[in-house]
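Written out below as structure tokens is the structure these notes cover.
Residue numbers (my numbering): 87 to 455.
Pasting the structure below:
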């Protein structure tokens, strides 16, 4: 892996040639400063000062032989040469200051390989892959059939490394349901966690914007394609459901999603996926009557609808106070024990009550957490 390669390079790299480089820097500072002083008092012409300046800068590299002899990294003298060559005495002063700071802080500063692990915490392959699998399995489930995933718990009680790993994984495999964990990270007491969370959210918003532009270009190229409008609507729906923007922006995106779904329905009115997605959006916005109409039309197009999708219809009936229809539909379509396990335990308990059943004392869910 790239991280392992970087860490190996960091371990193999010899120490910087610091002590051998300080004396040449001082000599270069004195020589170059003397040249400038002589030019200033008129004892040396400008042309002479320009011609002699490279020799003063070259004093910084006289220690390269000693560095190689002691097996030290000779890049510092070369950097000093370039700095003095272009900045003169100021470059020498800056390099001396940098060397002093390096000598002071190297004893307790974080090693590069440790810092790199913190910034890109993907070196732990088994742990990372396990979390990615759990993230994807949970994130792909519908909202009503999700069981809590540990990311909010990690943000609440995990170590800095755990939180940064979770943020990195959520950013790379973003799902709208991760928004609460991101908001927890933004309010974390650790400044490093807050900064990484803010950077991740900015990256996610940029990806949303790029995808929006791409999908909008697609519908302009194919304005009569229901699939293109459905892709655009789903994208807007996901962006709004992410909840990372301010309320006004979320409302504007949901409006775009509704308009795109309606356009897709007008082009393909017998498409189950479009009608179901439109109904779910209406539930999210509180428009339960249009949601019920969309779901009922969609259900006429498909003989069997999984409980994880039908539960949105039940939610719309509950909000519309159509309790009799809700009870009858739940009893008719709740499904067998295997299908019920696709629902989160809390949702399953509520649905079982509407079906007139006694909820089980303990439900074992197949939802990956």
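We treat Cβ as the ideally placed atom computed from N, Cα and C, and that holds for glycine.
Being a predicted model, the structure only gives us computed values, none of them experimental.
Distance CB(residue i)-CB(residue j) smaller than 8 Å
i           : j           : result
residue 294 : residue 264 : no
residue 397 : residue 437 : yes
residue 323 : residue 301 : no
residue 374 : residue 406 : yes
residue 122 : residue 175 : yes
residue 185 : residue 136 : no
Sequence-distant residues of the same chain with beta carbon closer than 7 Å to residue i, five excluded per side
i           : result
residue 384 : 358, 361, 362 and 365
residue 117 : 142 and 145
residue 371 : 340
residue 380 : 361, 364, 365 and 368
residue 354 : 312 and 360
residue 404 : 412
Contacts around residue i, its chain only, beta-carbon distance under 8 Å, and the 5 residues preceding and following it disregarded
i           : result
residue 256 : 221, 237, 264, 267, 268 and 286
residue 388 : 358
residue 280 : 271, 272, 273 and 274
residue 147 : 110, 163, 164, 166 and 167
Alpha carbon of residue i to alpha carbon of residue j, nearest angstrom
i           : j           : result
residue 140 : residue 171 : 6 Å
residue 420 : residue 351 : 28 Å
residue 252 : residue 411 : 43 Å
residue 333 : residue 342 : 14 Å
residue 228 : residue 435 : Annotation note: pLDDT 48 at residue 228 (below 50); position unreliable, coordinate value reported separately. In a straight line, the C-alpha of residue 228 is about 17 Å away from that of residue 435.
residue 124 : residue 188 : 33 Å
residue 259 : residue 114 : 53 Å
residue 416 : residue 326 : 29 Å
residue 418 : residue 356 : 24 Å
residue 173 : residue 290 : 41 Å
residue 442 : residue 414 : 10 Å
Residues of its chain near residue i, where Cβ-Cβ distance is below 6 Å and the 5 sequence neighbours each way are ignored
i           : result
residue 297 : 321
residue 246 : 276
residue 90  : Only weak support exists for where residue 90 lies, its pLDDT of 45 falling under 50; the value from the coordinates is given anyway. None.
residue 181 : 111, 166 and 169
Integer Cβ distance of residue i from residue j, believed to fall under 8 Å
i           : j           : result
residue 270 : residue 242 : 7 Å
residue 347 : residue 367 : 6 Å
residue 439 : residue 394 : Their Cβ separation, rounded to whole angstroms, is 18 Å, which puts residue 439 and residue 394 out of contact at 8 Å.
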